[in-house]
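K.L.:
Residue numbers are given in full-length UniProt numbering: position 169 of the sequence shown equals residue 169, and the series is strictly consecutive.
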Amino acid sequence: MWSEFFASIPEVLQPTASLVKSTVLASKADGTVPYSPSSVLNTVYSIDWALQLAGLSKISSHPLVASMVSASQRILGRPKVKKDPITPEILKALVESKITDKSPSVCNLRSFALCLIGYAGFFRFSELCHIKACDVKFFPSYVSIFLESWKCDQFRDGAWIVIARTDLPTCLVKALEDYISAAQINLSEDLSLFRALATPRSKVRSQGISYTRARELIKDAFRDIKDVSKISVHSLRAGGATSAANASIADGLFKRHGR
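1. Is it a yes or a no for the segment 199-213 touching the segment 138-146, going by three-plus beta-carbon pairs under 8 Å?
2. Which residue from L53, A120, S105 puts its Cα closest to that of T242?
3. Expressed to the nearest angstrom, what Euclidean distance is found between the alpha-carbon atoms of A250 and L76?
4. With three or more beta-carbon pairs closer than 8 Å as the criterion, would you say the segment 171-184 touches the segment 217-230?
5. Pop quiz: D178 and L109 are said to be a contact at Cβ under 8 Å. What is the actual Cβ separation, rounded to whole angstroms?
6. Restricting to Cα atoms, I'd like to know which of I163, A244, L116 is closest to I93.
7. For D30, which three-state DSSP category applies?
8. What residue does the beta strand (DSSP E) around W150 start on, and which one ends it?
9. Under 8 Å, with one C-beta from each stretch per pair, do the segment 118-137 and the segment 209-216 reach the 3-pair mark?
10. Checking the sheet assignment: what are the DSSP bridge partners for Y119?
11. So, helix, strand or coil for R184, using DSSP?
12. Determine the direct distance from the alpha carbon of S70 to that of A29, and round the result to whole angstroms.
13. Write down every uninterrupted run of the beta strand (DSSP E) in the segment 163-238 whose length is 3 residues or greater and which is fully enclosed by it, in chain order.
14. What residue range does the beta strand (DSSP E) around F138 cover?
15. Which same chain residues end up closer than 6 Å to L193 when comparing Cβ atoms and leaving out the 5 residues on each side of it in sequence?
16. Put S36 into one of helix, strand or coil per three-state DSSP.
17. For my contact list, S235 and I86 are in at a C-beta cut-off of 8 Å; report their separation, rounded to the angstrom.
18. Is A221 near S103, with beta carbons less than 8 Å apart?
19. Quick one: complete alpha helix (DSSP H) runs, 4+ long, within the segment 47-113?
20. Residue range of the alpha helix (DSSP H) that S126 falls in?
21. Excluding the 5 residues preceding and the 5 following G31 in the sequence, name in chain order all residues of the same chain whose CB lies nearer than 8 Å to its CB.
22. According to the Cβ coordinates, are I185 and I90 closer than 8 Å?
23. Do L197 and R205 count as a contact pair if the criterion is CB distance below 8 Å?
24. Using 8 Å for Cβ pairs, my map puts G118 next to R237. What's the rounded Cβ distance?
25. Could you say which of S72, L53, C107 lies nearest to A183 if we only look at CA atoms?
Written out as structure tokens, the structure reads:
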């Protein structure tokens with residue numbers, strides 16, 4: 001096949017063709033980029049770009065190159081592995097592990113509130129990071145959190161997410177109140193609810209936390225409880241939704257709360 005490929009292209013492109021061949025074979029043989037077809041794709045599409053600038057046809061349009069690109073994605077590609085949902089038992093274990101701490105730091109209270117709100121509110125990270133302090137309203141029996149928009153909000157109407165106050169150790173409302181009090185957050189501020197800290201026991205800054213930082217906080221919180229390689233930020237939303245479904249929550253309430 002390779003001999004037919006070389007014979008079908010102009011002589012000026014022979015070095016280019018050799019580079020494609022060597023990259024395809026090397027990526028499979030020596031494992032320099034294990035479980036990734038990126039080296040093949042980068043080489044082929046970089047050459048395509050250079051050929052287009054020179055007014056020549058793309059090398060990726062050749063049947064053999066197209067087949068090798070497809071094969072590299074199939075053979076070297078890594079399948080997606082879904083993360084485990086957080087269960088009520090894991091959350092209870094998290095709470096019990098924090099109860100012994102008589103003076104928890106602002107960082108720990110933030111992590112605790114982040115885990116509980118993501119679980120109880122079915123929040124995606126894109127929603128968590130956009131919750132403002134002024135969007136949170138506390139009431140005697142519940143907390144109400146306003147979302148300006150979410151993934152499926154086509155008309156950008158926003159929605160109020162209501163979460164009940166409970167007498168359980170895993171009560172989100174209590175955890176959120178503790179975090180806001182310790183961090184001295186003003187609920188009239190138009191700033192992110194979950195913000196960066198200068199030190200674990202310092203006050204919050206004005207900027208919010210990134211996805212990478214949120215993932216680190218969640219994994220650190222569950223590190224002594226569960227294999228953290230199997231969880232992510234989305235594990236909170238998945239766990240909350242799974243628990244609600246197992247509890248036979250009415251479909252209308254489930255869909256409204258889960259957005």
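Using N, Cα and C, we set each Cβ at its ideal position, and we do this for glycine too. Since this is a predicted model, take the numbers as computed values, not measurements.
P.N.:
This is what the structure holds:
1. In the pairwise beta carbon analysis, the segment 199-213 is classified as not touching the segment 138-146: fewer than three pairs are separated by under 8 Å.
2. Checking every option, the nearest Cα to that of T242 belongs to A120.
3. Pairing A250 with L76, the inter-Cα distance amounts to about 44 Å.
4. For the pair of segments examined, the segment 171-184 was found not to touch the segment 217-230: the number of CB pairs separated by less than 8 Å stays below three.
5. The distance from the Cβ of D178 to that of L109 is about 5 Å, consistent with a contact at the 8 Å cut-off.
6. A small correction: the amino acid at residue 93 is Ala; Ile does not occupy that position in the sequence shown. Among I163, A244, L116, the Cα nearest to that of A93 belongs to L116.
7. Note that D30 scores 47 on pLDDT, short of 50, meaning its location in the model is unreliable and no value can be drawn from it.
8. Note, W150: premise wrong, no beta strand (DSSP E); not H, not E.
9. Result yes; three or more Cβ-Cβ pairs closer than 8 Å.
10. In DSSP, Y119 forms no bridge with anything.
11. For the sequence presented, residue 184 should be read as Gln rather than Arg. DSSP places Q184 in the coil class of the three-state scheme, outside both helix and strand.
12. Interpretation of A29 is limited by its pLDDT of 44, a score under 50 that renders its predicted location unreliable; the figure taken from the coordinates is listed afterwards. So the alpha carbons of these two residues sit roughly 17 Å apart.
13. Here the runs fully enclosed are 195-197, 204-208.
14. From DSSP, the beta strand (DSSP E) with F138 extends over 136-138.
15. The answer, listed in chain order, is I131, A133.
16. S36 carries a coil assignment under DSSP once its states are collapsed to helix, strand and coil.
17. Here S235 really is in contact with I86; their C-beta atoms are around 5 Å apart, less than 8 Å.
18. Not closer than 8 Å, so no.
19. Taken in chain order, the whole alpha helix (DSSP H) runs of length 4 or more contained in the segment 47-113 are 63-76, 88-99.
20. From DSSP, the alpha helix (DSSP H) with S126 extends over 125-128.
21. Note that G31 scores a pLDDT of 48, beneath 50, so its modelled location is shaky; the value from the coordinates is reported in the next line. Correct list: empty, nothing qualifies.
22. In this structure, the beta-carbon distance from I185 to I90 does not fall below 8 Å.
23. Yes, they are a contact pair.
24. Yes, they are in contact, since the Cβ atoms of G118 and R237 sit about 6 Å apart, within 8 Å.
25. With distances taken between CA atoms, A183 lies nearest to C107 out of S72, L53, C107.
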